[in-house]
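Everything on this sheet refers to the single structure shown next.
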Ligand SMILES: Cc1cc2nc3c(=O)[nH]c(=O)nc-3n(C[C@H](O)[C@H](O)[C@H](O)COP(=O)(O)OP(=O)(O)OC[C@H]3O[C@@H](n4cnc5c(N)ncnc54)[C@H](O)[C@@H]3O)c2cc1C
Ligand code: HEM
Ligand code: SF4
Ligand code: SF4
Ligand code: FES
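Chains as they are written, first to last, in the working numbering: chain A, 29 to 147; chain B, 4 to 821.
Take a look at the structure:
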């Protein structure tokens, strides 16, 4: 049982097939919460972060992904994909979202959307 | 496996750096125990000088506090001096009886100050200048006493004298030599430095031999007497007449010593279980006394302690800077010269500037500078890389930035800059912030400073200045920026040159394959190395290598320039800067259809549509394609534009048809990727309205043909293009400039503009390849044409792909299906 199974399933939203996200790349999901970037790395780990760099709101989805990090396209800050924090010595943090892959499909957990999902 | 035991004797800068390097490589291998005679953690000895002068306080200069040892599981015995080592049983014993056994022993005992063997040397008030205790005693003495005498006018003596003078003492520096700092400076520079220090209130007594320190009534030292009989008052005497490697313990336990403990290229002593680093060690006849070489030793030593077994220490070239606020002095290498050397000298006593570069066989072997030292690190780099300076000799003394450096023109005197002066125009970093970061965070390299302050991390034009600030804060203990064998990035130890060679030799066809073959340390590289590897594979193996879009910067992936708000700009190509009513109409229509907020004419004679949403890119391209326009590559490390003047087609002065030739060149080079962007220009006559003098390739029409200039740059650092050759026909222009660009594509390092490339390899090399060997020129040209064969418009490809869905995802936003 993964940690995600502990989260109430009502907030989970199917997004796309895993293969729709390029390896070492990202896709942008437009949500009522704002844009969310979903990343995939070389080990097929999936991460979801708000698509805004803590530095000057650069679109992280457009950056270069390496390991568990994305380099922002605007001024090259490096952001840890797992926790959303800028890698030292830069300081700042971008919100992360729970994300999981089931049967080859990516699901994103958005709390603010729950009522919609339930309806 | 049981951990091995590593014991270190001497808790100073070289030793602790070795431990840090070791922990990075293999944190689990050893149980580490450290003995240090001083009752502190590891502090930055270099910064004792600013502590003495009152510019910093002791807590600020700690590098590794006690928490650091605890967090890394290191047992620290601070304040315990090791007095015995049993090499057979492998046990060390400290003065208080503490014992520790070892499998490997690391000696890092540093140096002892040399104390002149004169009567009175043990009197109260006579000090050396080596550690925190000495510094505190000097500060205390300055509070209650008046007359200070510093014996020795080397780096250490002058810094001590400066600190004591700033604390209000009346300071005389005594020196046996004919001029001060004679081991670092020549006579002229020494004399100029003395004047500058005298202006700050210090007094000098040269060519004087101390014979005795005289005791006063209080029991404390009261005067210094010299061999010629005169004496001067002194309540404080600082011995700064040199240092001796501290080999006391090593000799006692029978290790072979000369001046220092003898070590091999792997930093091993004659007992293979015992290593030595730092000032106590003597390597190939040299015992170093500056931090930079000690850090290089630390790296190699750690590598062997970690059983990696690669890396040899082969010695260092050192450079020095005096850390006296407001005075810039730099020296490196062999500045004395000899029969086979030449001097290139610039001397302006009025301005207080003196620069002397010593050259042998067109290589820099040494440099001394005073007053204006901004280019010290550049000379140091030329020296270390043994670069051929023949092509730049005529402006060598004006420095790397001598030809029009934008952003901070004229501000070359790092030490004289006020704290609030802006150093990095890109990131708005002022000098004070840089100095504070260096001191506060214990930074030693340019990379450290870049990471912590962002200074010089963008355009890099202030690199020289930042290096000087680093140097004047740390006194030479810095490592220069782009030495030839600097690794590509932190993911590897290989340099750009190594990587290029390996990709060719091993037939590597993708960035990922190259990372595997070259044993990258990270699973998927980083944003610095991946684009470089991708480019190297593509340029080395055209039509064979696989392009990895994820290893390209977003602009090249999206074929448009990302803007600060995340929108993109679109620049259609206008061959040679020419357009038609039909094209203009199509641009106007597209601009209206996609509600383009800003339309601007670019510096490269194109029209820029700014503020376009990413989802709209394929649509606007399709519209522009339909009107016959293609990508302008305004976003790529690629051919950008060929700027032309109206030329003989229209201009009354024109001698050649510059628009025609420009269009031909641009069509030839379409879709050419390169280490960095490439811009060309063609002018129809020497009035040069197309500004060909600052282009990667500039062509100027003359009555009898064309002159070709290369390696110009109008960007961050203006570089005037250098004359390559004069030719007769359009075809020749295309062949020569194509061959030059192919040479650059094959040999350039990623993100190196042609001007940097030519500076590195030398114009003579370029001329040899292109002018002297006609067959090589033709081969280069053919390779260029071959690699560009079948070039497609990336926009059209993307539009098709969009329809075919494979690459659609790059431009399509997903929606949450609630
Ligand atoms: C005032 C001052 C200014 C300087 N400025 C510069 C500069 O601007 N630029 C530059 O590059 N360099 C400068 N240096 C030189 C630089 O500080 C040294 O090169 C460097 O610190 C040497 O490092 P180390 O580890 O070899 O020795 P140290 O840092 O001296 O460390 C050796 C340590 O070993 C301890 N020790 C010795 N014997 C024993 C024993 N038997 N048991 C236990 N502990 C022992 C000592 O107490 C000492 O703490 C300066 C030095 C001084 C004193
Ligand atoms: C009669 C010949 C030799 C004897 C008796 C001898 C003995 C030893 C001993 C006792 C050690 C220490 C082992 C340890 O630290 O655990 C050692 C280590 C070592 N020896 Fe030798 N040795 C000999 C020849 C050589 C030669 C010829 C070389 C190299 C050309 C060499 C290179 C080394 C090295 C590099 C180590 C260090 C290994 C390490 O630190 O991990 N030895 N040797
Ligand atoms: S367009 Fe060029 S010069 Fe202008 S702000 Fe941007 S980087 Fe600087
Ligand atoms: S460079 Fe010469 S030919 Fe071209 S526009 Fe200027 S004056 Fe005319
Ligand atoms: S906005 Fe991301 S680094 Fe500046």
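We treat Cβ as the ideally placed atom computed from N, Cα and C, and that holds for glycine. Source: prediction; values computed, not measured.
Does any residue of chain B bring its CB to less than 7 Å from the CB of residue 74/A? Taking the first chain and counting its residues from 1, the one referred to as residue 74/A is at position 46. No, residue 74/A lies away from the interface with chain B (no Cβ there is under 7 Å from its Cβ).
Does the distance between the C-beta of residue 863/B and the nearest non-hydrogen atom of ligand 1 fall short of 6 Å? Since the first residue shown for chain B is 4 and the last is 821, residue 863/B is missing from the structure and cannot be characterised.
Any idea which residues DSSP pairs residue 571/B with across the strands? Translated into positions along the second chain, residue 571/B becomes position 568. Residue 571/B pairs with 565/B, 615/B.
Using the beta-carbon of each residue, which ones in chain E are nearer than 7 Å to residue 112/A? Absent from the structure: chain E. Protein chains present are A and B.
Do we get a CB-CB distance below 7 Å when we pair residue 99/A with the residues of chain B? One-based indexing of the first chain puts residue 99/A at position 71. So, interface residue.
Between 42/B, 140/B, 298/B, 153/B, which lies nearest to residue 243/B when the distance is taken from Cα to Cα? Counting from 1 along the second chain, the entry for residue 243/B is found at position 240. Measuring from the Cα of residue 243/B, the nearest candidate turns out to be 153/B.
CA nearest to the CA of residue 36/B, picked from 317/B, 600/B, 709/B, 72/B: Taking the first residue of the second chain as 1, we reach residue 36/B at position 33. With distances taken between Cα atoms, residue 36/B lies closest to 72/B.
Applying a beta-carbon distance threshold of less than 8 Å, which residues of chain A neighbour residue 36/B? Locating residue 36/B in the second chain gives position 33, where the first residue counts as 1. Going along chain A, no residue has its Cβ under 8 Å from residue 36/B, so there is no contact; the nearest lies around 29 Å.
Please list the residues of the segment 38-59 of chain A that have a C-beta atom closer than 8 Å to any C-beta atom in chain B, keeping them in chain order. 41, 42, 43, 44, 48, 49, 50, 51, 52, 53, 55, 56, 57, 58, 59
Threshold first: 3 residues or longer. Then list the beta strand (DSSP E) segments lying entirely within the segment 70-126 of chain A, N to C. 74-78, 92-94, 97-99, 106-108
Please go through the same chain and pick out, in chain order, the residues whose beta-carbon is closer than 7 Å to the beta-carbon of residue 690/B, but skip the five residues on each side of it. Position 687 of the second chain, counted from the start, is the residue given in the question as residue 690/B. Closer than 7 Å at Cβ, skipping near neighbours: 656.
Per-residue contacts from residue 615/B into chain A (C-beta, under 7 Å): As a position in the second chain, residue 615/B is number 612, starting the count at 1. Correct list: empty, because the minimum Cβ distance to chain A is about 14 Å.
Just to check, is the beta-carbon of residue 686/B closer than 6 Å to a non-hydrogen atom of ligand 4? For the purposes of this step, residue 686/B is taken as residue 683 along the second chain, with counting starting at 1. Under cutoff, so the answer is yes.
Verify the contact flag: residue 83/A, CB atom, against every heavy atom of ligand 5, threshold strictly below 6 Å. To locate residue 83/A, count along the first chain from 1; it is residue 55. Yes, the Cβ of residue 83/A comes within 6 Å of a heavy atom of ligand 5.
Pull out every residue of the segment 673-685 of chain B whose Cβ sits closer than 7 Å to any Cβ of chain A, in chain order. none
Is it a yes or a no for the segment 89-98 of chain B touching the segment 259-266 of chain B, going by three-plus beta-carbon pairs under 8 Å? no
Which residue or residues does DSSP assign as beta-bridge partners of residue 538/B? Counted from its first residue, the second chain places residue 538/B at position 535. The partner list for residue 538/B (beta bridge, DSSP) is empty, contrary to what the question assumes.
Between the alpha carbons of residue 33/B and residue 105/B, how many angstroms are there, rounded? To locate residue 33/B, count along the second chain from 1; it is residue 30. To locate residue 105/B, count along the second chain from 1; it is residue 102. Their backbone Cα atoms lie some 10 Å apart in a straight line.
By the three-class DSSP mapping on this structure, what secondary structure does residue 603/B have? Within the second chain, the letter at position 600 stands for residue 603/B. Three-state DSSP puts residue 603/B in a strand.
Got a sec? Which residues, its chain only, sit under 7 Å from residue 274/B by beta carbon, not counting five neighbours each side? Your numbering for residue 274/B matches position 271 in the second chain. Here the set comprises 90, 258.
If distances are taken between C-alpha atoms only, which option among 365/B, 384/B, 233/B, 199/B comes closest to residue 325/B? Numbered from 1 along the second chain, position 322 holds the residue referred to as residue 325/B. Among 365/B, 384/B, 233/B, 199/B, the Cα nearest to that of residue 325/B belongs to 199/B.
Given the structure, does residue 649/B come close to ligand 7, in the sense that its CB is under 6 Å from one of the ligand's heavy atoms? As for ligand 7, it is missing from this structure, which binds only ligand 1, ligand 2, ligand 3, ligand 4 and ligand 5.
Can you list, in chain order, the residues of its chain with a C-beta nearer than 7 Å to that of residue 193/B? Leave out the 5 residues immediately preceding and following it. For the purposes of this step, residue 193/B is taken as the residue at position 190 of the second chain. Taken in chain order, the residues that qualify are 182, 183, 184, 185.
Between the segment 133-152 of chain B and the segment 301-317 of chain B, are three or more C-beta pairs nearer than 8 Å? no
Quick one: does residue 441/B have its CB under 7 Å from some CB of chain A? By one-based count along the second chain, residue 441/B stands at place 438. It does not; no Cβ of chain A falls within 7 Å.
Beta-carbon contacts of residue 819/B that lie in its chain and below 7 Å, excluding the five residues immediately before and after: To locate residue 819/B, count along the second chain from 1; it is residue 816. Excluding positions up to five away in sequence, the list is empty.
So, for residue 509/B: in the same chain, excluding its five sequence neighbours on each side, which residues have a beta-carbon less than 8 Å away from its beta-carbon? As a working note, residue 509/B is residue 506 in the second chain. Closer than 8 Å at Cβ, skipping near neighbours: 520.
Any non-hydrogen atom of ligand 1 closer than 6 Å to residue 318/B Cβ: For the purposes of this step, residue 318/B is identified with residue 315 of the second chain, where counting begins at 1. False, no ligand heavy atom lies under 6 Å from that Cβ.
Let me check understanding here. Comparing Cα to Cα, which of 558/B, 534/B, 803/B lies closest to residue 572/B? Indexing the second chain from 1 puts residue 572/B at position 569. Among 558/B, 534/B, 803/B, the Cα nearest to that of residue 572/B is on 558/B.
Enclosing alpha helix (DSSP H) for residue 595/B [first to last residue]: Stepping through the second chain from its first residue, residue 595/B is reached at position 592. Here the alpha helix (DSSP H) through residue 595/B covers 584-596.
Who are residue 102/B's beta bridge partners in DSSP? Along the second chain, read from residue 1 onward, the residue named residue 102/B stands at position 99. Bridge partners of residue 102/B: 96/B.
Whole angstroms is fine: what's the gap from residue 663/B's alpha carbon to residue 688/B's? On the second chain, residue 663/B is found 660 positions in, with the first residue counted as 1. On the second chain, residue 688/B is found 685 positions in, with the first residue counted as 1. Residue 663/B and residue 688/B: Cα-Cα distance of roughly 14 Å.
Backbone CA spacing between residue 288/B and residue 92/A [nearest angstrom]: Locating residue 288/B in the second chain gives position 285, where the first residue counts as 1. Locating residue 92/A in the first chain gives position 64, where the first residue counts as 1. One C-alpha to the other measures close to 48 Å.
Alpha carbon of residue 781/B to alpha carbon of residue 296/B, nearest angstrom: Translated into the one-based positions of the second chain, residue 781/B becomes position 778. Translated into the one-based positions of the second chain, residue 296/B becomes position 293. Taking the straight line from one Cα to the other gives about 46 Å.
Say whether chain B places a C-beta atom closer than 7 Å to the C-beta of residue 117/A. The residue you call residue 117/A lines up with position 89 of the first chain. Yes - at least one Cβ of chain B is within 7 Å of the one on residue 117/A.
In three-state DSSP terms, what is residue 248/B? Here residue 248/B is taken as the residue at index 245 of the second chain, counted from 1. Three-state DSSP puts residue 248/B in a strand.
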